[in-house]
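Asker: Residue numbers (our numbering), protein chains in the order written: chain A, 3 to 344; chain B, 3 to 344. Virtual Cβ for every residue (Gly too), placed ideally from N, Cα, C. Just so you know, these numbers come straight off a predicted model, no measurement behind them.
Number of protein chains: 2
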Amino acid sequence: MPRIAIIGTGLIGASIGLRLREKSEIKDLEVVGADREFDIAKRAEKIGAIDSAIRDPRRAVSDASLVILATPVLSLRGAMADIAPALEEGAIVTDTGSTKTEVIAWAGRELPDENSFVGGHPMAGKTDAGPSFAESNLFEGARWVIVPSRHASEGAVRTVRNLVETMGATEMFMDAEEHDAYVAAISHLPLMAATAMFTMTRDSEAWPEMSKLAAGGFNDTTRLAGTEANVAFDIAVTNRTQIVHWLERYREALADLQERLSDEEGEDLFRHMAQTSWDYTSYREGATGREEIDQKASPMPRAELGNLFMGEALASKMRELTAASEERLRELDREERLTRRE
Amino acid sequence: MPRIAIIGTGLIGASIGLRLREKSEIKDLEVVGADREFDIAKRAEKIGAIDSAIRDPRRAVSDASLVILATPVLSLRGAMADIAPALEEGAIVTDTGSTKTEVIAWAGRELPDENSFVGGHPMAGKTDAGPSFAESNLFEGARWVIVPSRHASEGAVRTVRNLVETMGATEMFMDAEEHDAYVAAISHLPLMAATAMFTMTRDSEAWPEMSKLAAGGFNDTTRLAGTEANVAFDIAVTNRTQIVHWLERYREALADLQERLSDEEGEDLFRHMAQTSWDYTSYREGATGREEIDQKASPMPRAELGNLFMGEALASKMRELTAASEERLRELDREERLTRRE
Numbered sequence: 003m004p005r006i007a008i009i010g011t012g013l014i015g016a017s018i019g020l021r022l023r024e025k026s027e028i029k030d031l032e033v034v035g036a037d038r039e040f041d042i043a044k045r046a047e048k049i050g051a052i053d054s055a056i057r058d059p060r061r062a063v064s065d066a067s068l069v070i071l072a073t074p075v076l077s078l079r080g081a082m083a084d085i086a087p088a089l090e091e092g093a094i095v096t097d098t099g100s101t102k103t104e105v106i107a108w109a110g111r112e113l114p115d116e117n118s119f120v121g122g123h124p125m126a127g128k129t130d131a132g133p134s135f136a137e138s139n140l141f142e143g144a145r146w147v148i149v150p151s152r153h154a155s156e157g158a159v160r161t162v163r164n165l166v167e168t169m170g171a172t173e174m175f176m177d178a179e180e181h182d183a184y185v186a187a188i189s190h191l192p193l194m195a196a197t198a199m200f201t202m203t204r205d206s207e208a209w210p211e212m213s214k215l216a217a218g219g220f221n222d223t224t225r226l227a228g229t230e231a232n233v234a235f236d237i238a239v240t241n242r243t244q245i246v247h248w249l250e251r252y253r254e255a256l257a258d259l260q261e262r263l264s265d266e267e268g269e270d271l272f273r274h275m276a277q278t279s280w281d282y283t284s285y286r287e288g289a290t291g292r293e294e295i296d297q298k299a300s301p302m303p304r305a306e307l308g309n310l311f312m313g314e315a316l317a318s319k320m321r322e323l324t325a326a327s328e329e330r331l332r333e334l335d336r337e338e339r340l341t342r343r344e
Numbered sequence: 003m004p005r006i007a008i009i010g011t012g013l014i015g016a017s018i019g020l021r022l023r024e025k026s027e028i029k030d031l032e033v034v035g036a037d038r039e040f041d042i043a044k045r046a047e048k049i050g051a052i053d054s055a056i057r058d059p060r061r062a063v064s065d066a067s068l069v070i071l072a073t074p075v076l077s078l079r080g081a082m083a084d085i086a087p088a089l090e091e092g093a094i095v096t097d098t099g100s101t102k103t104e105v106i107a108w109a110g111r112e113l114p115d116e117n118s119f120v121g122g123h124p125m126a127g128k129t130d131a132g133p134s135f136a137e138s139n140l141f142e143g144a145r146w147v148i149v150p151s152r153h154a155s156e157g158a159v160r161t162v163r164n165l166v167e168t169m170g171a172t173e174m175f176m177d178a179e180e181h182d183a184y185v186a187a188i189s190h191l192p193l194m195a196a197t198a199m200f201t202m203t204r205d206s207e208a209w210p211e212m213s214k215l216a217a218g219g220f221n222d223t224t225r226l227a228g229t230e231a232n233v234a235f236d237i238a239v240t241n242r243t244q245i246v247h248w249l250e251r252y253r254e255a256l257a258d259l260q261e262r263l264s265d266e267e268g269e270d271l272f273r274h275m276a277q278t279s280w281d282y283t284s285y286r287e288g289a290t291g292r293e294e295i296d297q298k299a300s301p302m303p304r305a306e307l308g309n310l311f312m313g314e315a316l317a318s319k320m321r322e323l324t325a326a327s328e329e330r331l332r333e334l335d336r337e338e339r340l341t342r343r344e
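Put into structure tokens, the structure is as follows:
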């Protein structure tokens with residue numbers, strides 16, 4: 003019976019299991035799972051994410067032709083060392099860790115040469131942890147980065163591509179360093195930013211009152227502060243340099259915005275905000291990069307349309323602002339005259 | 003026929019209108035609306051948010067006993083000046099603006115003394131703008147801050163409280179300065195942070211690739227960058243000082259986190275992340291402040307439970323980290339010996 007072993011049956015591992023058991027076209031496939039906490043493997047079994055929970059990871063991987071490591075990043079090395087002696091000849095190993103440079107290096111050291119390692123990173127998830135939150139369509143439509151190790155066989159890469167396809171995700175090949183630099187910006191920085199924002203507001207004296215006013219905006223912006231400490235810590239430790247780089251750039255970007263805020267004229271600030279809102283809407287509508295925007299042949303290029311729209315909005319906003327500041331000047335003038343009279 | 007006039011029939015104004023027409027217990031109530039862009043008032047009429055769209059705001063407020071100003075903040079002063087001569091004696095004026103100090107001052111200057119102004123701020127909304135996105139239950143369960151002006155009559159305050167109740171929201175009384183300080187932290191800072199993060203990543207050379215990897219985490223964290231420029235700009239300009247204060251504190255919080263990231267031991271960082279994740283989960287589950295947590299009588303206080311949990315998790319994480327760094331030392335040692343041999 004063809005067997006796939008999932009080591010680590012939390013949210014990600016269990017979601018993979020559910021999907022495999024639901025959609026895989028492999029005949030008579032058996033999906034087994036192990037977890038450092040046996041109870042979690044048992045829960046994954048109970049919800050139908052795996053056929054059976056196995057206490058010993060070595061027993062779980064024996065007879066498996068594909069092993070999926072879905073533990074937090076820092077546990078991956080231990081898991082590799084653990085299962086290495088029990089791997090079948092030719093068994094393929096993949097993972098779902100959030101960073102790749104260290105993981106690829108660990109695989110080179112811990113896994114036998116005859117077992118191809120093909121790293122993976124599904125760009126999906128949620129803050130809720132554990133198999134109870136697993137969904138078979140968690141990866142539907144998501145990108146799944148594939149980072150083959152240098153010695154991975156073609157067959158191994160094909161197997162992992164099939165896995166990604168079964169998950170309903172879109173594959174994306176990258177090298178490990180490239181991957182880690184990109185996710186530092188669009189995944190790890192948001193995690194750190196949310197953490198910093200939440201701890202800062204929560205430590206404020208006014209938090210009991212402020213928190214009552216907090217609504218969707220605050221909750222969305224800080225959602226990642228609820229990331230399981232295990233996951234957040236491992237990301238921080240294995241991608242430290244890249245994250246620090248982006249944290250520094252982010253602080254600069256905030257300083258830049260702060261400077262724009264101090265612009266009394268307001269014209270530059272309004273332009274900046276209109277441009278941001280416009281770009282963001284385009285991004286969420288599917289424009290994924292500057293090239294795509296430029297390539298779009300349309301009677302009036304997007305950028306010009308933007309300028310046109312912005313020109314009118316800007317003019318009207320500036321009139322409003324001028325009126326307000328003229329009024330303020332008149333008031334200051336009046337106040338000054340009153341003061342002189344006193 | 004009792005009449006309520008809504009000036010500004012975008013997302014907020016139209017949502018108020020929808021709810022009023024659906025739930026108000028005022029017999030024969032007529033809700034009229036005006037908007038700087040008549041087309042938007044017409045659309046609000048079309049979706050049933052108002053009984054009729056009126057081109058001239060002065061005509062809209064004549065005969066109205068309650069006037070709701072739901073324009074972007076910077077337009078409020080102009081709207082007040084505009085309608086002032088046409089207000090009925092005793093008509094009550096309220097607003098829905100995101101900042102309150104300037105708004106209260108404007109009302110004092112622009113509105114006749116016999117018309118009570120009671121400021122309001124519903125803590126709900128979405129990034130999508132315009133009456134097409136209006137929902138009659140947009141404010142259900144949300145907080146609605148009420149900031150009466152100094153000369154507002156008791157009857158006027160009662161009317162606005164009734165309005166808030168009709169909206170399904172929970173009233174919260176504050177003074178204007180207090181309100182502006184709090185929302186700077188939990189509403190305006192998230193907006194600025196999202197703006198800075200999105201513009202920074204979008205300006206990166208790697209954006210075309212990175213954006214493909216961006217998933218729920220990035221999208222939630224940056225969602226507010228899509229805020230209509232009109233709204234974002236007005237908030238920035240009318241609450242500048244408070245926002246700058248929080249931007250500075252936020253940059254410090256990020257610098258602090260960056261320093262923790264550089265901690266090679268890792269123990270402090272893990273503690274910090276575990277504490278954050280724990281606190282965030284408590285917050286989202288309804289713990290709104292330190293007092294509430296402390297007051298909760300339970301066989302084992304929450305904080306201790308946390309320590310217990312964290313103690314175990316920490317010990318296990320530290321073992322992992324120690325193993326990893328010992329292994330790293332052994333590797334460095336091996337590499338050094340190899341280099342020497344070369």
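First and last residue of the beta strand (DSSP E) that includes Met-174 of chain A?
Answerer: For the purposes of this step, residue 174 of chain A is taken as the residue at position 172 of the first sequence. 172 to 175 is the extent of the beta strand (DSSP E) around Met-174 of chain A.
Asker: On the criterion of 16 or more Cβ atoms from any shown chain inside 10 Å, does Ala-317 of chain A qualify as buried, or is it exposed?
Answerer: Residue 317 of chain A sits at position 315 when you count from the first residue of the first sequence. With fewer than 16 Cβ atoms within 10 Å of its Cβ, Ala-317 of chain A is classed as exposed.
Asker: According to the neighbour-count rule (16 or more other Cβ atoms, all chains shown, within 10 Å of its Cβ), is Glu-293 of chain B buried or exposed?
Answerer: Within the second sequence, the letter at position 291 stands for residue 293 of chain B. In this predicted model, Glu-293 of chain B has a pLDDT of only 45, less than 50, meaning its place in the structure is not dependable; the value taken from the coordinates is given anyway. Under this definition Glu-293 of chain B is an exposed residue.
Asker: Any beta-carbon of chain D closer than 8 Å to the one on Gly-219 of chain A?
Answerer: As a matter of chain content, chain D is missing from the structure shown, whose protein chains are A and B.
Asker: Measuring straight from C-alpha to C-alpha, what distance separates Gly-121 of chain A and Asp-222 of chain A?
Answerer: What you label residue 121 of chain A is simply residue 119 of the first sequence in a count that begins at 1. What you label residue 222 of chain A is simply residue 220 of the first sequence in a count that begins at 1. Roughly 30 Å between the two C-alpha positions.
Asker: Look up Asp-182 of chain B in the DSSP assignment and say whether it is helix, strand or coil.
Answerer: Position 180 of the second sequence holds residue 182 of chain B. Correct three-state label for Asp-182 of chain B: helix.
Asker: Taking just the CA atoms, how far does Ile-245 of chain B sit from Leu-191 of chain B?
Answerer: Numbered from its first residue, the second sequence carries residue 191 of chain B at position 189. Numbered from its first residue, the second sequence carries residue 245 of chain B at position 243. About 6 Å.
Asker: Report buried or exposed for Ser-264 of chain B, applying the criterion of at least 16 other Cβ atoms within 10 angstroms of its Cβ.
Answerer: Translated into the one-based positions of the second sequence, residue 264 of chain B becomes position 262. With fewer than 16 Cβ atoms within 10 Å of its Cβ, Ser-264 of chain B is classed as exposed.
Asker: Hey, which unbroken runs of the beta strand (DSSP E) at 3 residues or more fall wholly within the segment 23 to 109 of chain A?
Answerer: The qualifying runs are 32 to 36, 66 to 71, 94 to 97.
Asker: In this structure, does DSSP put Pro-192 of chain A in helix, strand or coil?
Answerer: Residue numbering aside, residue 192 of chain A sits at position 190 when the first sequence is read from its first letter. DSSP places Pro-192 of chain A in helix when its eight states are reduced to three.
Asker: Here's the rule: buried if 16 or more other CB atoms are within 10 angstroms of the residue's CB, otherwise exposed. What is Ile-6 of chain A?
Answerer: The count along the first sequence starts at 1 and reaches residue 6 of chain A at position 4. Buried is the call here.
Asker: Quick check on the burial criterion: 16 or more other C-beta atoms within 10 angstroms. Buried or exposed for Asp-97 of chain B?
Answerer: Counted from its first residue, the second sequence places residue 97 of chain B at position 95. So Asp-97 of chain B ends up on the buried side.
Asker: If you measure from the beta carbon of Thr-283 of chain B to each beta carbon in chain A, is any gap under 8 Å?
Answerer: Stepping through the second sequence from its first residue, residue 283 of chain B is reached at position 281. True, the Cβ-Cβ gap to chain A drops below 8 Å.
Asker: Under the rule that 16 or more other beta-carbon atoms within 10 Å means buried, what is Lys-102 of chain B, buried or exposed?
Answerer: For the purposes of this step, residue 102 of chain B is identified with residue 100 of the second sequence, where counting begins at 1. Per the 10 Å Cβ criterion, buried.
Asker: Is the separation between the beta-carbon of Val-75 of chain B and that of Ile-56 of chain B shorter than 8 Å?
Answerer: Position 73 of the second sequence holds residue 75 of chain B. Position 54 of the second sequence holds residue 56 of chain B. Taking 8 Å as the Cβ cut-off, Val-75 of chain B and Ile-56 of chain B do not qualify as a contacting pair.
Asker: Anything in chain A within Cβ reach of Val-246 of chain B, meaning under 8 Å, just list it in chain order.
Answerer: Numbered from 1 along the second sequence, position 244 holds the residue referred to as residue 246 of chain B. Correct list: Gln-260, Leu-263, Ser-264.
Asker: If you count every other CB in all the chains shown that lies within 10 Å of the CB of Glu-269 of chain B, and 16 or more means buried, which is it?
Answerer: As a first step, residue 269 of chain B must be located in the second sequence, where it is residue number 267. So Glu-269 of chain B counts as exposed.
Asker: Any C-beta of chain A within less than 9 Å: which residues of the segment 134 to 158 of chain B qualify?
Answerer: Answer in chain order: Ala-144, Arg-145, Val-147.
Asker: Does DSSP classify Pro-150 of chain A as helix, strand or coil?
Answerer: Here the question's residue 150 of chain A lines up with position 148 in the first sequence. The answer is strand: DSSP assigns Pro-150 of chain A an E or B state.
Asker: Taking 8 Å as the threshold (beta carbon to beta carbon), is Gly-228 of chain A in contact with chain B?
Answerer: As a position in the first sequence, residue 228 of chain A is number 226, starting the count at 1. Cβ-Cβ to chain B under 8 Å: yes for Gly-228 of chain A.
Asker: Under a Cβ-count criterion, where at least 16 other Cβ atoms within 10 Å of its own Cβ denotes burial, should Lys-29 of chain A be classed as buried or exposed?
Answerer: For the purposes of this step, residue 29 of chain A is identified with residue 27 of the first sequence, where counting begins at 1. With fewer than 16 Cβ atoms within 10 Å of its Cβ, Lys-29 of chain A is classed as exposed.
Asker: Within 8 Å (strictly less), CB to CB, does Arg-163 of chain A reach chain B?
Answerer: Counting from one through the first sequence, the residue named residue 163 of chain A turns up at place 161. Not an interface residue.
Asker: First and last residue of the alpha helix (DSSP H) that includes Arg-242 of chain B?
Answerer: Indexing the second sequence from 1 puts residue 242 of chain B at position 240. Its alpha helix (DSSP H) spans residues 242 to 263.
Asker: Any beta carbon from chain B within less than 8 Å of Phe-235 of chain A's own beta carbon?
Answerer: The sequence position of residue 235 of chain A within the first sequence is 233, counting from 1. Answer yes: the Cβ-Cβ gap between Phe-235 of chain A and chain B drops below 8 Å somewhere.
Asker: Could you compute how far the alpha carbon of Gly-12 of chain B sits from the alpha carbon of Glu-211 of chain A?
Answerer: Along the second sequence, one-based indexing puts residue 12 of chain B at 10. Along the first sequence, one-based indexing puts residue 211 of chain A at 209. Answer to the nearest angstrom: the Cα atoms are 29 Å apart.
Asker: If you run the structure through DSSP and keep just helix, strand and coil, what is Ala-7 of chain B?
Answerer: The sequence position of residue 7 of chain B within the second sequence is 5, counting from 1. Reduced to three states, the DSSP call for Ala-7 of chain B is strand.
Asker: With respect to the beta strand (DSSP E) encompassing Pro-124 of chain B, which residues constitute its N-terminal and C-terminal limits?
Answerer: As a first step, residue 124 of chain B must be located in the second sequence, where it is residue number 122. Where Pro-124 of chain B is concerned, the enclosing beta strand (DSSP E) stretches over 119 to 124.
Asker: Which two residues bound the contiguous alpha helix (DSSP H) that contains Ala-216 of chain B?
Answerer: Here the question's residue 216 of chain B lines up with position 214 in the second sequence. Counting along the chain, Ala-216 of chain B falls outside any alpha helix (DSSP H), and DSSP gives it neither H nor E.
Asker: Of the choices B:Gly-80, B:Asp-37, B:Arg-23, B:Ala-16, whose alpha-carbon is the least far from that of Glu-322 of chain A?
Answerer: Locating residue 322 of chain A in the first sequence gives position 320, where the first residue counts as 1. When each option's Cα is compared against that of Glu-322 of chain A, the closest is B:Gly-80.
Asker: Quick one, are the C-beta atoms of Ser-220 of chain A and Ile-237 of chain B less than 8 Å apart?
Answerer: As a position in the first sequence, residue 220 of chain A is number 218, starting the count at 1. As a position in the second sequence, residue 237 of chain B is number 235, starting the count at 1. According to the sequence as given, residue 220 of chain A is Phe; it is not Ser. Contact: no.
Asker: Cβ of Thr-278 of chain B less than 8 Å from any chain A Cβ?
Answerer: The sequence position of residue 278 of chain B within the second sequence is 276, counting from 1. So yes, Thr-278 of chain B belongs to the interface.
Asker: Under 7 Å Cβ to Cβ from Ala-299 of chain B, same chain only, skipping five residues before and after it: list those, please.
Answerer: One-based indexing of the second sequence puts residue 299 of chain B at position 297. The predicted model places Ala-299 of chain B with a pLDDT of 39, which falls under 50 and marks its position as unreliable; any figure quoted below should be read in that light. So the list is empty, once near-sequence residues are dropped.
Asker: Beta-carbon of Gly-15 of chain A versus every beta-carbon of chain B: anything under 8 Å?
Answerer: Translated into positions along the first sequence, residue 15 of chain A becomes position 13. False, the Cβ-Cβ gap to chain B never drops below 8 Å.
Asker: For Pro-124 of chain A and His-274 of chain A, what's the separation of their Cα atoms in angstroms?
Answerer: What you label residue 124 of chain A is simply residue 122 of the first sequence in a count that begins at 1. What you label residue 274 of chain A is simply residue 272 of the first sequence in a count that begins at 1. Distance between the alpha carbons of Pro-124 of chain A and His-274 of chain A: 34 Å.
Asker: Would you please state the rounded distance, in angstroms, between the beta carbons of Phe-141 of chain A and Gly-170 of chain A? I believe it to be under 8 Å.
Answerer: The residue labelled residue 141 of chain A in the question sits at position 139 within the first sequence. The residue labelled residue 170 of chain A in the question sits at position 168 within the first sequence. Contact holds; Cβ gap of about 6 Å.
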